[in-house]
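A.B. asks:
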Amino acid sequence: MKSKRMKALLFMSMAVLATACGKEEVNTAESQTQITEEASTEALQTQTSEEITGEAFMPNGFIEEKAQKNEFDSYEEVIGYLEAGQAYTYVDVLGSEEPILLVTEGTYDNQDGKNDAVSISAYVYLEDENGVSCGSMIASEGTAYPIAVKDGLLYTAGGHMIEADCISQETHALMVKSYISEDFDENGTAHYTGFIRSSNQVYEDGKEIDGADEDHQYQALWDEYADAEMVNFTVVQ
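Under numbering that gives the first Met the number 0, the very last position in the sequence shown is 236; numbers go up by exactly one each time.
1) Could you work out which residue in K149, D108, N199 and Q168 is closest to W221 when comparing CA atoms only?
2) Kindly indicate the opening and closing residues of the alpha helix (DSSP H) around F61.
3) Report the three-state DSSP secondary structure of I166 (helix, strand or coil).
4) Take the Cβ of F232 as the centre, count every other Cβ of all protein chains shown within 10 Å, and call the residue buried at 16 or more, exposed below.
5) Please state the DSSP three-state secondary structure of Y80.
6) Can you list, in chain order, the residues of its chain with a C-beta nearer than 7 Å to that of Y224? Leave out the 5 residues immediately preceding and following it.
7) Let me check understanding here. Comparing Cα to Cα, which of S95, T192 and K113 lies closest to Y217?
8) Please classify T88 as buried or exposed, where buried requires at least 16 other C-beta atoms within 10 Å of its C-beta.
9) Using three-state DSSP, classify E237 as helix, strand or coil.
10) Can you tell me whether D164 is buried or exposed? The criterion is at least 16 other CB atoms within 10 Å of its CB, across all chains shown.
11) Would C133 pass as a contact of N199 if the rule is Cβ separation under 8 Å?
12) Can you name the residues that DSSP bridges to Y191?
13) Tell me which same chain residues have a C-beta within less than 8 Å of the C-beta of A227, skipping the five on either side of it?
14) Thinking just about the alpha-carbon of each residue, which of D204, I195, D127 and A172 is nearest to the one in S180?
15) Buried or exposed: M57, going by 16 or more other Cβ atoms within 10 Å of its Cβ?
16) May I ask you to verify whether the stretch 135-142 touches the stretch 78-85, counting CB pairs closer than 8 Å and requiring at least 3?
17) Closest to Y74 by C-alpha separation, out of E96, L125, K113 and G105, would be which residue?
18) Short check: CB of E104 to CB of F71, under 8 Å?
19) Can you tell me whether E126 is helix, strand or coil according to DSSP?
Quick look at the structure:
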């Protein structure tokens with residue numbers, strides 16, 4: 000009888016021990032799972048943050064790509080990022096009380112004896128109460144059409160287009176004041192498309208150009224460009 004009672008106690012002790020071991024294994028597994036999940040979540044959050052940070056920055060131009068920012072304290076800071084061969088200049092433009100900054104990645108000699116550092120493209124930098132930033136880019140369609148300026152208007156051109164830009168009175172950003180392009184149909188007849196604004200108000204509808212009889216408007220804009228002064232840049236050495 001005593002032997003049976005001892006066996007029963009031994010059996011119950013083993014059952015309790017087995018149950019305790021099982022609970023310990025479960026708790027250990029749960030702890031490991033929790034640690035793994037926390038580590039995975041932290042890694043995912045870090046990765047997502049890095050991806051968001053990387054995708055959020057979109058450089059406005061070659062200077063911003065080098066500086067890894069789109070806002071600057073001054074024009075001088077922007078110029079400080081230029082490398083040898085790149086260039087800058089200041090121009091007076093309609094709509095801005097102060098000269099604005101143009102920067103370009105390269106210049107060329109116009110071979111006219113006086114314009115030895117002109118360009119067909121430039122990034123336009125504007126200054127306001129928040130600092131300096133690149134507002135836009137202007138570009139002509141070939142070296143025959145260097146950027147020019149007259150009466151506060153920046154001119155760019157191409158074989159069959161002409162454009163005049165200034166600073167908007169409302170938005171204080173670069174705007175197109177006048178633009179006309181020339182196309183030809185299968186019969187060789189020219190057709191002109193574009194618009195001409197009378198002021199630097201970007202919300203002004205202006206005069207629409209659309210027809211074959213608008214060649215005088217097209218030619219008038221070309222005459223303005225021909226009389227404009229080519230923009231010469233200071234090349235960084």
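By construction, the Cβ of each residue, glycine as well, lies at the ideal position given by its N, Cα and C atoms.
C.D. replies: In this structure, then:
1) K149
2) F61 to A66
3) strand
4) Buried: at least 16 other Cβ atoms inside 10 Å.
5) Annotated three-state conformation of Y80 is coil, per DSSP.
6) A147, Y154, A156 and I161
7) T192
8) buried
9) Outside the displayed range of the chain (0 to 236) lies residue 237, so it cannot be described from this structure.
10) Burial call: buried.
11) no
12) E181 and G210
13) A147, V148, K149, L152 and Y154
14) I195
15) exposed
16) no
17) L125
18) no
19) The answer is strand: DSSP assigns E126 an E or B state.
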